[in-house]
Structure formats: C-alpha cells, structure tokens
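What follows is one structure encoded as structure tokens, with my remarks underneath.
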Amino acid sequence: MAYSEKLIDHYENPRNIGSLDKNSEDVGTGLVGAPACGDVMKLQIKVGPDGLIEDAKFKTFGCGSAIASSSLVTEWVKGKTIDEAETIKNTDIAKHLALPPVKIHCSVLAEDAIKAAIADYRAKAAQKSE
Amino acid sequence: MNAVTQIRRNDQPIYLDYQATTPMDPRVLEAMMPYFTHKFGNAHSRSHSYGWEAEEGVEKARVQVAKLIGADEKEVIFTSGATESNNLAIKGVAEFYKDRRNHIVTTVTEHKCVLDTCRHLEQQGFEVTYLPVQQNGLVDLDVLRAAVTDKTVVVSIMAVNNEIGVIQPLAEIGKICREKGAFFHTDAAQAVGKIPLDVEAMNIDLMSISGHKIYGPKGIGALYVRRKPRVRLVPLIVGGGQERGFRSGTLPTPLCVGLGEACEIAAKEMDAESRRLTKLRDRMLKGLQSKLSDLIINGDLDHRIPGNLNISFAYVEGESLMMGIKNLSVSSGSACTSASLEPSYVLRALGVEEEMAHTSLRIGLGRFTTEHEIDTAVDELVRHVTKLREMSPLWEMAQEGIDIKSIEWAAH
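Printed below as a string of structure tokens:
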C-alpha cells in the first residue's frame, strides 16, 4: 500500500507523543477504540485560563494511519478554543493524510478521540463550577 | 553444506518471508535454461527427438520429486501449483467416491484453498467436519479418530502450517485414516524439502507439492496420487489425457525440470540446512528475548519447521511495526493489510485473543538468510518495538499495572 508523504512523516516523526496528568482539572482525556479491533487512541488536551488549548498529547496503539491521524490532530488542536477543536472533521484528517479507503476508520477514531477529550474536560469544568 | 550466497541486491530489504515464496536457487534456473531454448520440444511429441528430449527432462524431474517423498515416479503428476493440487485431490476423490462416501474431515487452520474447496463441496451436498486445533496448533488425534467415520472419503490435514510452521503428526494421522478406510490427503506445500516425508511410512494417499516454496519456479506443483492401493480421481481439467488422465494439458517442461532440480537439492541439503536454520532461528529468538519483554511465540516451538517464527509483540500493532521495519520484508499475522481488518484465523483458532493476534508478525527464514541479516533484523525489531511501545497507550497501562481486560472498550 502506498502511503502519502505527509502520513509517513507523521508516522516516522510523530508530534506530541506523551501523557498529561489525567487527574489535573485543566486536562481532558479521551480514550477510544479497542485492542481487539487493533486501534486504541489516547488523546489529551490541556486548556489554558484563556480558554485556548495550550498543549495536546497522544499515545496510539494501531496501524501507521492511526498513529499519523492522532499525531496530526494534536497539531491541529493546539492554539484553538475547545469549540473550534470540536469542529475538526474526520474527512479533513483523511484528506490531509490522503488515507486509503480501508483506513478511513482511523480518521474517524481520531475525531472521536478529540471529542472524547473535550467532553472529559467539559465534565471536569462543570463539576468544578458546581 | 551449501554455501549461502547473497542473491538480493544491496538496495533490497532483507527478505524474511520464506513461507510466502522463495527466490529460485540459481542451480535450479541453470537446469531449466536449456528447456526454454534449444530443448523446447513438446514432451508429448513421440515422433521426433525434440519431443523425446523434453520428455526425458520431465521424466527425470518426476523421479526427483518422487524420491524426495519416498514415492514411485508413476505416482507423481504435475500441476500448476499446490492450490490446483489441493483442489484436484479433494474434489477429485470426493467426486469419484461420492456414491459410497460423502464426508470430508479437515482442520480450521488449513490454507484457504483447502477450506474453500471444502466449502464448495459442502454446497454440492458433501458433509465436512472442520476439526479444531489445540493451543499449540496441532490436531488432537483423539478428536480426529472420533470424527472419521465409515462415510469419510478423505481426511485433508496440512503437513506444515503456513503461518505458524507447526508440523502435524502425519504418521499418526495416516494410521488413523488407514484404519478407518479413509484416504489421507496432506497439503505439504510448506513441508516438502524442509522435513523428511515418506508417503509409505506415513500412509499418505495424496500429497500436494509446490515449486516456489522450495526455491523452484512459480506456476508448477505436483500431486502425489497413490497407486497401491489405487486412489481414483475425477480430473478437474480434461483434454489430451496427459498425466495419467488426471491433468490434461501440455506439460511446461522448464518448470517441471525446475521443480525436479529443486527437490533434488532439497533432499541433498535438508539435514545441514535444517541445522543451520535452527541455529539462526534460535539466534533471532534469543536476540529478541534478551532485549524485549512480553513476546509470545504462537504455535508449538518444538514441532515446527526451523525456518518459521510467529511472534506476538504485545502492545504493538503489527501493521505499524511492519511500516517501521522498512528494511525487513515480513508479513503480519493480522490480515490488516488486506481490505478485511480481521486478525489471522489461524491465530484465532489457537485461542490467541484478538488483541494479541493484532500484534503478530510471521518471520520466515530460508536458504539465503545469513547470520548478519538475522542480527540486523533483531536490531531493527528491537528499535521499532521499543519506539512503538513508548507511544502505545496499552503499554503505558500495562506498566501502570492496569489490566487492559478490566476496561470496557467500545466495540467498533
């Protein structure tokens, strides 16, 4: 299977690998996928006092397309508000990396991961304001 | 012992997929060459020396094939490959004996071409029993004995599995088949030339052979068909009645000659080559195990051809690993590279859980594999597995002591 240069670059030089403190109030964590399906993504965002995502980290178990998709979204969400980050579409990810049809699910998973991280952050924020 | 010569170019990756196919041995090519050019005759032409010369080449090859498996040359028929041989053997006997017996026994870890042939026959009204295998990949002989009835026409069990390299207890299976009066067919594509095979001692009635798995050409194979007691087949391909009527069509002389030569070389070098490959495989395994934890060998390590390893690198997805080890040509235990995202059915049949099946690689060693290549491969694998584990959320959880099974994963 021939992969795009962008995809290979993200696979070989993944951006923002790592973990943030999942117990911290300003960190939202999304964990999506399943080991049995061959893909698990953990994506974390850290939101600053100004409401902007100041840091994002990921860890992914999955094929090269899954790793590249998650690496790419960590780059995209940084500096965005969570509302803006929420508008990232799997089709944008798939298009940017030129994912082959059998790998589209990787971009879907990356979108799910960012949404899950945002939901986690919002739940924490809501709890804090109560 | 044969001298290991490098046949790949230096800009090519290290080939570690010998169960998929093998390069042709230069000695095989040399034997074939004259039959492409001046010895081009039709082996079935009886009226001139061109035909006789070609026939001589084909008949010599038939003897070379027969010798390797302890058969008589009259019992060897040439086909286009193991897929055709498997189709012919199973469909051929099933069709011929269908009035008396209509039951077939096989295993769930057979090659797709055997499983698909059996499915096809099921649609024709035959009954097929698909035996499970044990955790080590071997068939349970008691389960087999219980499955074979007086209605069983053929038991088809592969000699060596193409994914995990395990060797089935052929002699014991042959004995059970003989006792019950069922024919024993074995797909020996991965076994011929790698382990000693004897159709008499093992009571094998039909055996499928492939050329390109044993350093011979692609597009040629053979089927051993026992003559005493005679096994009858309905042919798949009819026409001029060549190959005792079992397989019509003009024989591809150069390919037959190549298969024969490949068999002769394999017979001569099997012992030394087995020892050499066992040493290389042990070196690889030790190298990996000394630097990586959480490796699981799939399939029995003792009852296995020396040239195969199938390893699960826990917490690292196989396809991403293959993408990293660009300098190594291996295949993934998981069939992720194909359109289906299902993990290997062979590994699943061993009871390997899906998440582990996704982390497997099949590594095949062969005649042209060198110690230096093995050392390079170990280094590359260690480097990339370590890198991918560092970015694996599952590895992180395992290090934190979290049981991955305790998490409720969303199915997708």
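Protein chains in written order, with our numbering: chain D, 1 to 130; chain P, 1001 to 1412. Virtual Cβ for every residue (Gly too), placed ideally from N, Cα, C.
Work out the CA separation of Ala1357(P) and Thr1337(P) for me, nearest whole Å.
With a pLDDT of only 44 at Thr1337(P), under 50, the local geometry of the prediction cannot be trusted, and no value is derived from it.
Counting only Cβ pairs nearer than 8 Å, list the residues of chain D close to Ile1404(P).
Near Ile1404(P) (Cβ distances below 8 Å), the residues of chain D are Pro35.
Distance between Leu72(D) and Val47(D) (C-alpha atoms, nearest Å)
18 Å
So which residues of chain P does Ser19(D) contact, with C-beta pairs closer than 9 Å?
Here the neighbours are Pro1393, Glu1396.
Measuring CA to CA, which of Ser1208(P), Leu1361(P), Met1322(P), Arg1304(P) is closest to Val1076(P)?
A check of alpha carbon separations from Val1076(P) across Ser1208(P), Leu1361(P), Met1322(P), Arg1304(P) identifies Ser1208(P) as the nearest.
Just list the alpha helix (DSSP H) runs in the segment 1349-1388 of chain P, keeping only unbroken ones of 4 residues or longer that don't cross its boundaries, in chain order.
If one requires a minimum length of 4 residues, the alpha helix (DSSP H) runs lying completely within the segment 1349-1388 of chain P are 1354-1357, in chain order.
Just to check my reading of the structure: Ala98(D) and Ser107(D) have Cβ atoms closer than 8 Å, yes? What is that Cβ distance to the nearest angstrom?
Not a contact, Cβ separation roughly 11 Å.
Please report whether the beta-carbon of Val47(D) lies at a distance below 9 Å from any beta-carbon of chain P.
no
DSSP has Glu1127(P) in a bridge; who is on the other side?
Bridge partners of Glu1127(P): His1103(P).
Determine the direct distance from the alpha carbon of Tyr121(D) to that of Lys1405(P), and round the result to whole angstroms.
25 Å
Less than 9 Å between the C-beta atoms of Val1105(P) and Val1148(P), yes or no?
yes
Please work out which residues of its chain come closer than 8 Å, Cβ to Cβ, to Ala1339(P), disregarding the five sequence neighbours upstream and downstream, and give them in chain order.
The predicted model places Ala1339(P) with a pLDDT of 44, which falls under 50 and marks its position as unreliable, so this point remains unresolved.
Once you ignore the five residues that flank Gly1258(P) on each side, which residues in its own chain have a CB closer than 6 Å to its CB?
Val1028, Met1032, Gly1216, Pro1217
For a quick check, are the C-beta atoms of Arg1247(P) and Leu1138(P) less than 9 Å apart?
no
Excluding the 5 residues flanking Asn90(D) on each side, which residues of the same chain have their C-beta closer than 6 Å to its C-beta?
Ser107, Val108, Glu111
Roughly how far, in whole angstroms, is the beta-carbon of Ser70(D) from the beta-carbon of Leu43(D), given that I think they are within contact range, below 8 Å?
6 Å
I believe Val1382(P) touches Lys1291(P) by the beta-carbon criterion, under 8 Å. Please report the beta-carbon distance rounded to the nearest angstrom.
5 Å
Kindly confirm or deny that the segment 1295-1309 of chain P and the segment 1363-1382 of chain P touch, where touching means at least three C-beta pairs closer than 8 Å.
yes
So if I threshold CB-CB distances at 7 Å, which residues from the segment 46-72 of chain D count as touching chain P?
Lys59, Thr60, Phe61, Gly62, Cys63, Gly64, Ile67
Report the residue from Lys1387(P), Pro1393(P), Pro1196(P) whose alpha carbon sits nearest the alpha carbon of Pro1169(P).
Scanning Lys1387(P), Pro1393(P), Pro1196(P) for the CA closest to the CA of Pro1169(P) turns up Pro1196(P).
Going residue by residue through the segment 1192-1256 of chain P, where are the continuous beta strand (DSSP E) segments of at least 3 residues, counting only ones entirely within it?
1206-1210, 1221-1225
Cα-Cα separation, Asp83(D) to Asp1294(P):
41 Å
Determine which residues share a DSSP beta bridge with Asp39(D) and list them.
Beta-bridge pairing links Asp39(D) to Ala34(D).
Cα-Cα separation, Ile1204(P) to Asn1042(P):
32 Å
If we cut at 9 Å on Cβ distances, does Ser1049(P) have a partner in chain D?
no
Checking 9 Å against the spacing of the C-beta atoms, do Asp1017(P) and His1111(P) come in under that value?
no
Stretch-stretch touch, CB-based, cutoff 8 Å, three pairs: the segment 1385-1399 of chain P with the segment 1310-1327 of chain P:
yes
Contacts around Ala1335(P), its chain only, beta-carbon distance under 8 Å, and the 5 residues preceding and following it disregarded
With a pLDDT of only 46 at Ala1335(P), under 50, the local geometry of the prediction cannot be trusted, and the value read off the model is given with reservation. If we look at Ala1335(P) and ignore the five residues flanking it on each side, its Cβ neighbours are Leu1341, Glu1342, Pro1343, Ser1344.
Thr953(P) to Tyr1097(P) span [Cα, whole Å]
The structure shown has nothing for residue 953(P), since chain P only spans 1001 to 1412.
For Ala1410(P) and chain D, any beta-carbon pair shorter than 9 Å?
yes
Looking at C-alpha atoms only, which residue of Ala56(D), Ala119(D), Ala125(D) is the closest neighbour of Ile17(D)?
Ala56(D)
Output yes if chain P places a C-beta closer than 9 Å to the C-beta of Leu31(D); else output no.
yes
For His1185(P), the three-state DSSP class (helix, strand or coil)
Strand.
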